[in-house]
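Asks:
Protein chains: 2
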Amino acid sequence: MTEPSIIIVNSQQQTSLPATDRGLAYGDGVFETMKVAGGDISLWHYHYERLLDGLQRLFIEIDPQAFLQHMNTSIESVRQRQQMHPQEQGVLKLIVTRGDGQRGYMPTQFEPATLISIYKPLPDTFFNENEDRQQNGVGIHICKERLAVSSSLAGIKSLNQLPYVLASRERQTLAAQEGLLLNNDNHVIEATARNLFLVKNNVLHTPLIDQCGVAGVMRRLIIDIVAAQMGVMVKEAHITLSMLKHADEVFLSNSVSGIWPVVNCLVDDVDQQWLVGKFSRRIQSHCHHFRLDENQSLTSYLSSSTPLSPSPTSSGKN
Amino acid sequence: MTEPSIIIVNSQQQTSLPATDRGLAYGDGVFETMKVAGGDISLWHYHYERLLDGLQRLFIEIDPQAFLQHMNTSIESVRQRQQMHPQEQGVLKLIVTRGDGQRGYMPTQFEPATLISIYKPLPDTFFNENEDRQQNGVGIHICKERLAVSSSLAGIKSLNQLPYVLASRERQTLAAQEGLLLNNDNHVIEATARNLFLVKNNVLHTPLIDQCGVAGVMRRLIIDIVAAQMGVMVKEAHITLSMLKHADEVFLSNSVSGIWPVVNCLVDDVDQQWLVGKFSRRIQSHCHHFRLDENQSLTSYLSSSTPLSPSPTSSGKN
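The listed protein sequences derive, respectively, from chains A and B. When the letters of the first sequence are read in order and numbered with the working numbering, they come out as residues 1 to 318. When the letters of the second sequence are read in order and numbered with the working numbering, they come out as residues 319 to 636.
#1: With a CB to CB cut of under 6 Å and the five nearest residues on each side skipped, what residues in its chain are close to A/Ser-74?
#2: Which full runs of the alpha helix (DSSP H) of 4+ residues lie inside the segment 508-552 of chain B, going along the chain?
#3: Give the interface partners of A/Met-84 over in chain B, defined as CB-CB distance under 8 Å, in chain order.
#4: Quick check: what's the CA-CA separation for A/Thr-2 versus B/Pro-441?
#5: Using three-state DSSP, classify A/Asn-295 as helix, strand or coil.
#6: Taking 8 Å as the threshold (beta carbon to beta carbon), is A/Tyr-105 in contact with chain B?
#7: How many Å lie between B/Val-544 and B/Ile-557 at the Cα?
#8: Does any C-beta atom of chain A lie closer than 8 Å to the C-beta of B/Asp-418?
#9: Run the CB neighbour count on B/Tyr-619, radius 10 Å, all protein chains shown included, and call it buried at 16 or more, exposed below.
#10: So is A/Ser-168 in contact with chain B if we call contact Cβ pairs under 8 Å?
#11: Going by DSSP, what residue range makes up the beta strand (DSSP E) through A/Glu-178?
#12: Based on the DSSP output, what are the partners of B/Tyr-437 in its beta bridges?
#13: Answer yes or no: do B/Ile-527 and B/Leu-465 have a C-beta to C-beta separation smaller than 8 Å?
#14: Roughly how many angstroms separate the alpha carbons of B/Gly-640 and B/Ser-323, rounded to a whole number?
#15: Output, in chain order, the set of chain A residues within a Cβ distance shorter than 9 Å of B/Ile-413.
#16: Quick check on B/Tyr-482 - is its C-beta less than 8 Å from some C-beta in chain A?
#17: Using a Cβ-Cβ cut-off of 8 Å, state whether A/Ser-150 counts as contacting chain B.
#18: By DSSP, does A/Arg-146 sit in helix, in strand, or in coil?
#19: Using a Cβ-Cβ distance cut-off of 8 Å, determine whether B/Ser-334 contacts chain A.
#20: Decide if B/Gln-452 is buried, meaning its Cβ has at least 16 other Cβ atoms within 10 Å, or exposed.
#21: Go ahead and label B/Asp-346 buried or exposed: buried means 16 or more other beta carbons lie within 10 angstroms of its beta carbon, across all protein chains shown.
#22: Can you tell me whether B/Lys-475 is helix, strand or coil according to DSSP?
#23: Under 7 Å, CB to CB, which of the residues in the segment 502-535 of chain B have a partner in chain A?
#24: So what does A/Ile-141 bridge to, in DSSP terms?
#25: Does any residue of chain B bring its CB to less than 8 Å from the CB of A/Ile-118?
#26: Under a Cβ-count criterion, where at least 16 other Cβ atoms within 10 Å of its own Cβ denotes burial, should A/Arg-169 be classed as buried or exposed?
#27: A/Lys-157: which of A/Leu-58, A/Thr-108, A/Gln-12, A/Arg-291 sits nearest, CA to CA?
#28: Determine, using beta carbons only, whether B/Gly-534 and B/Ser-575 come nearer to each other than 8 Å.
#29: Answer with yes or no whether the minimum CB distance from A/Ile-7 to chain B is below 8 Å.
#30: Between B/Asp-346 and chain A, is the shortest Cβ-Cβ distance under 8 Å, so that the two count as touching?
#31: Ignore the nearest five residues each way along the sequence and tell me which others in B/Glu-612's own chain have a CB closer than 8 Å to its CB.
#32: Could you name the residues that DSSP lists as bridge partners for B/Lys-563?
#33: Please state whether DSSP places A/Asp-124 in a helix, a strand or coil.
#34: Return the Cβ separation of B/Ala-509 and B/Leu-499 in integer angstroms, given the expectation that the two are a contact with Cβ distance under 8 Å.
#35: Alpha carbon to alpha carbon, how far is B/Arg-538 from B/Lys-596? Give it in angstroms, no decimals.
#36: Does the Cβ-Cβ distance between B/Ala-555 and B/Trp-592 come in under 8 Å?
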């Protein structure tokens with residue numbers, strides 16, 4: 001049975017927010033979904049940088065001190081809870097909206113941003129199922145829903161997520177565990193909640209996320225750090241269904257569920273199959289327990305005196 | 319000064335909703351923005367049909383009786399208020415979301431839809447400004463933000479409205495009163511909160527809304543009824559900037575603010591100008607006080623015994 005959630009709105013324990021918030025009205029905001037174990041957020045710095053990137057691209061300003069206080073309150077509540085349930089792991093969803101709204105699309109800039117944290121423990125069923133998927137791989141399908149080109153929103157996790165809702169819904173009547181999303185040019189972009197990687201001749205290939213799609217933090221970890229650790233090259237490129245079909249190995253990445261090898265997918269009416277290969281196993285062992293440097297940890301951030309100074313990232317939207 | 323709003327959530331007077339609602343999490347829902355005067359909603363039937371179309375295309379199911387009760391409660395509160403302020407006109411925003419959410423994009427179908435009504439009186443400044451715009455026309459600009467092709471969402475008013483927020487924001491530093499949105503093929507689709515019409519040789523032209531854009535209810539009124547009343551032809555077609563430049567008259571339609579003639583727009587660095595012509599004046603006199611048939615009124619709907627039977631509409635997304 002699922003334990004009740006912790007919900008914090010603007011540093012306060014409360015479960016609701018005004019019906020007039022622009023996050024609801026227009027999906028006017030961004031979010032992060034972060035794994036919390038032992039009171040610590042995995043890959044915090046990457047989540048934080050993507051959040052800041054999203055806020056900047058949507059021109060949403062947040063007060064650094066209010067944000068710091070909100071994160072402090074949120075993580076403190078989660079830590080107290082996890083200390084009482086030491087085995088518990090959970091997901092902290094952080095939503096930042098442009099704040100309470102007046103009439104009309106145009107932002108007024110008078111209202112402070114709304115900060116929302118929703119923590120839910122991962123249920124036991126998640127771990128059993130996820131372990132199975134990591135070990136034995138998953139079957140996927142090609143979604144009918146297509147991703148639209150939108151350079152304003154490409155890469156970030158905005159609250160405009162209907163394409164992913166509609167794409168995920170297609171799976172309700174299928175045996176597949178994930179769905180691949182293409183753009184209107186038939187390029188493969190990502191899965192509904194995961195990024196895609198192909199292995200071909202020991203080179204990693206992953207779709208460009210410059211026109212649409214979400215640039216996952218686990219994807220960034222692989223590109224920025226893990227590939228180098230493994231001594232392999234990563235190419236961010238257009239990926240066609242033909243490249244998918246001819247890949248040696250295929251896997252999906254997500255910061256909560258880790259690396260899922262892909263074992264089959266119906267492509268052009270052919271049931272394409274892949275083995276869970278050595279490459280996927282190596283990626284898993286590198287990714288599943290990776291921790292960023294101490295100075296990129298949540299603890300370091302929480303004790304920072306300049307919490308929101310934008311850190312120039314060479315990798316941009318990754 | 320703006321009077322306080324009326325807010326009703328699931329037939330109850332309350333101002334907030336759970337932070338876990340899917341409307342906030344993913345923009346997973348639709349909305350309508352409807353003018354209310356004398357306790358009656360203008361063009362109710364068109365709003366209602368577009369709402370149903372949106373719900374159907376997002377696979378959101380609502381309980382007909384719950385919806386009827388919610389609309390009854392909402393309009394009753396607004397009527398009581400407008401009886402006390404007989405000159406007051408306002409806007410009723412109706413939001414329907416897929417309901418409270420579990421973890422993940424995939425809808426669970428266990429939660430009932432959330433129904434939200436937000437009524438705000440139109441301030442005096444609105445009427446003065448709007449009267450001026452109807453009489454003297456408006457200046458517009460071409461937005462940098464582009465509309466993405468999404469056949470799943472084209473035409474409906476979903477809660478995924480970030481492109482309109484970003485496009486409207488461009489106007490903050492401009493003298494223009496509206497902005498035109500193009501798609502990635504450089505076709506003109508609409509204004510940020512209005513549909514576009516061109517007059518050329520006494521024929522009306524308006525952009526196709528089959529790939530992106532919102533099919534406004536005032537647009538539908540013009541296409542379905544007003545054009546025939548005026549004895550003119552309407553063509554829904556791809557509209558290029560060249561067609562815009564060479565139009566005899568240009569105007570924008572919106573169900574709350576009516577018909578705004580367009581008097582100038584910077585197109586390809588040329589300050590294009592149009593006069594407010596006879597055609598625009600005739601359209602205004604037809605549209606501004608139009609009422610649908612009694613059997614398409616809100617009162618007729620509220621007394622209906624089968625409130626949600628989908629009525630087959632020949633005009634589809636219009």
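C-beta: ideal position from N, C-alpha, C; glycine also. Predicted model only: the values in this text are computed from it and were never measured.
Replies: Result, derived from the coordinates:
#1: If you number the first sequence from 1, residue 74 of chain A lands on position 74. Excluding residues within five positions, the ones whose Cβ falls inside 6 Å are Ile-8, Ser-117.
#2: Fully enclosed alpha helix (DSSP H) runs of 4 or longer: 535-539, 545-548.
#3: Sequence index remark: in the first sequence, residue 84 of chain A carries index 84 (1-based). Ordered by position in chain B, no residue passes the 8 Å Cβ test against A/Met-84, which lies about 21 Å from the chain.
#4: For the purposes of this step, residue 2 of chain A is identified with residue 2 of the first sequence, where counting begins at 1. For the purposes of this step, residue 441 of chain B is identified with residue 123 of the second sequence, where counting begins at 1. Below a pLDDT of 50, predicted positions are generally treated as unreliable, and A/Thr-2, at 48, falls in that range; no measurement from the model is reported.
#5: Position 295 of the first sequence, counted from the start, is the residue given in the question as residue 295 of chain A. A/Asn-295: helix per DSSP, three-state reduction.
#6: As a working note, residue 105 of chain A is residue 105 in the first sequence. With a threshold of 8 Å between beta carbons, A/Tyr-105 makes contact with chain B.
#7: Mapped onto the second sequence, residue 544 of chain B falls at position 226. Mapped onto the second sequence, residue 557 of chain B falls at position 239. Those two C-alpha atoms are separated by around 21 Å.
#8: In the second sequence, residue 418 of chain B corresponds to position 100, counting from 1. Not one chain A Cβ lies under 8 Å of B/Asp-418.
#9: Here residue 619 of chain B is taken as the residue at index 301 of the second sequence, counted from 1. The residue in question, B/Tyr-619, is buried, as its Cβ has 16 or more Cβ neighbours within 10 Å.
#10: The residue given as residue 168 of chain A occupies position 168 in the first sequence. By this cut-off, A/Ser-168 is an interface position.
#11: On the first sequence, position 178 is the one that residue 178 of chain A refers to. Per DSSP, A/Glu-178 belongs to the beta strand (DSSP E) from 178-183.
#12: Residue numbering aside, residue 437 of chain B sits at position 119 when the second sequence is read from its first letter. Paired residue(s): B/Ile-324, B/Leu-410.
#13: Reading the second sequence from its first residue, position 209 is the one you call residue 527 of chain B. Reading the second sequence from its first residue, position 147 is the one you call residue 465 of chain B. For B/Ile-527 and B/Leu-465, no; Cβs fall outside 8 Å.
#14: Here chain B comprises residues numbered 319 to 636, so residue 640 of chain B is not present and cannot be evaluated.
#15: Stepping through the second sequence from its first residue, residue 413 of chain B is reached at position 95. Contact of B/Ile-413 with chain A by beta-carbon distance below 9 Å involves Ala-19, Leu-24, Ala-25.
#16: Taking the first residue of the second sequence as position 1, residue 482 of chain B is located at position 164. At a cut-off of 8 Å between C-beta atoms, B/Tyr-482 counts as an interface residue with respect to chain A.
#17: To locate residue 150 of chain A, count along the first sequence from 1; it is residue 150. Answer yes: the Cβ-Cβ gap between A/Ser-150 and chain B drops below 8 Å somewhere.
#18: Numbered from its first residue, the first sequence carries residue 146 of chain A at position 146. A/Arg-146: strand per DSSP, three-state reduction.
#19: Sequence index remark: in the second sequence, residue 334 of chain B carries index 16 (1-based). At a cut-off of 8 Å between C-beta atoms, B/Ser-334 counts as an interface residue with respect to chain A.
#20: Here the question's residue 452 of chain B lines up with position 134 in the second sequence. Result: buried.
#21: In the second sequence, counting from the first residue as 1, residue 346 of chain B sits at position 28. It counts as buried.
#22: Translated into the one-based positions of the second sequence, residue 475 of chain B becomes position 157. The answer is coil: DSSP assigns B/Lys-475 none of H, G, I, E or B.
#23: Near chain A, meaning a CB-to-CB distance below 7 Å, the residues of the segment 502-535 of chain B are Asn-502, Thr-510, Ala-511.
#24: Position 141 of the first sequence, counted from the start, is the residue given in the question as residue 141 of chain A. In the sequence as displayed, the identity of residue 141 of chain A is His instead of Ile. In DSSP, A/His-141 forms a bridge with A/Gly-179.
#25: Here the question's residue 118 of chain A lines up with position 118 in the first sequence. By this cut-off, A/Ile-118 is an interface position.
#26: Within the first sequence, numbered from 1, the residue matching residue 169 of chain A stands at position 169. Looking at its Cβ environment, which holds 16 or more other Cβ atoms inside 10 Å, A/Arg-169 is buried.
#27: As a first step, residue 157 of chain A must be located in the first sequence, where it is residue number 157. Considering only alpha carbons, the answer is A/Leu-58.
#28: Start at 1 with the first residue of the second sequence, and residue 534 of chain B comes out as number 216. Start at 1 with the first residue of the second sequence, and residue 575 of chain B comes out as number 257. With respect to B/Ser-575, B/Gly-534 sits apart: the two C-beta atoms are not nearer than 8 Å.
#29: As a working note, residue 7 of chain A is residue 7 in the first sequence. Judged by the 8 Å Cβ criterion, A/Ile-7 is in contact with chain B.
#30: Your numbering for residue 346 of chain B matches position 28 in the second sequence. Yes, B/Asp-346 lies at the interface with chain A (some Cβ there is under 8 Å from its Cβ).
#31: Locating residue 612 of chain B in the second sequence gives position 294, counting from the first residue. Around B/Glu-612: Ser-618.
#32: As a working mapping, residue 563 of chain B is identified with position 245 in the second sequence. Its beta-bridge partners do not exist; DSSP assigns none.
#33: By 1-based counting over the first sequence, the position of residue 124 of chain A is 124. In the structure shown, A/Asp-124 sits in a helix (DSSP, three-state: H, G or I).
#34: Residue mapping note: residue 509 of chain B aligns to position 191 of the second sequence, counting from 1. Residue mapping note: residue 499 of chain B aligns to position 181 of the second sequence, counting from 1. Right, their Cβ atoms sit about 7 Å apart.
#35: Position 278 of the second sequence, counted from the start, is the residue given in the question as residue 596 of chain B. Position 220 of the second sequence, counted from the start, is the residue given in the question as residue 538 of chain B. Here the alpha carbon of B/Lys-596 sits roughly 21 Å from the alpha carbon of B/Arg-538.
#36: Taking the first residue of the second sequence as position 1, residue 555 of chain B is located at position 237. Taking the first residue of the second sequence as position 1, residue 592 of chain B is located at position 274. No. Outside cutoff.
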